[in-house]
Amino acid sequence: MARPSLLDAEAIAAHMGDVPLWTQNGATIEREIPTSNFAAAIGLVNAVAILAEQADHHPDILVYGWNKVRITLSTHDQGGLTILDFRLAKAIDALSINTLA
Ligand code: H2B
146 MARPSLLDAE AIAAHMGDVP LWTQNGATIE REIPTSNFAA AIGLVNAVAI
196 LAEQADHHPD ILVYGWNKVR ITLSTHDQGG LTILDFRLAK AIDALSINTL
246 A
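And the structure:
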């Protein structure tokens, strides 16, 4: 299947409107998710891993500060943001997450 191409700045701005919990950071988008405890953080990582495998699109995931998860999305083989990143961001947002905030 053809890989989607890079989004331009205008398209990125439009997609950012659909994912208000995410912040653009250069060629990536990021979401910080504080959860209730370490087990909830790991549960979230596992749920994201399943979505990533289904999409064949894989985020960087950092668990830190005992209960927080930072998810960073970018399309490595395109060197920036594509529709795949925004699709996965929306799928992550649709998870039922036991967050603190
Ligand atoms: N994930 C991300 N984030 N970027 C990619 O370019 C990417 C990926 N490529 N997951 C996929 C796997 C590619 O290596 C396979 C062959 O589809």
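Following our numbering, the numbering of the sequence shown begins with 146 at its first residue and continues without gaps. Beta carbons are placed, not taken as given, at the ideal position from N, Cα and C, and that holds for glycine.
Between which two residues does the alpha helix (DSSP H) holding R232 run? Annotation: the continuous alpha helix (DSSP H) that includes R232 extends over I228 to D238.
Does any heavy atom of the ligand H2B sit closer than 7 Å to the C-beta of S219? Remark: the shortest separation between the CB of S219 and any heavy atom of the ligand H2B falls under 7 Å.
Decide yes or no for the touch test of the region 149-163 against the region 176-185: beta carbon pairs closer than 8 Å, at least 3 of them. no
Cutting at 7 Å between CB atoms, please list the residues of its own chain near G225, excluding the five before and the five after it. So the qualifying residues of the chain are L151, A172 and S219.
Taking the alpha carbon of A184 as the reference point, which residue from W211, E155 and L233 has its own alpha carbon closest? The residue with the shortest Cα to Cα distance from A184 is W211.
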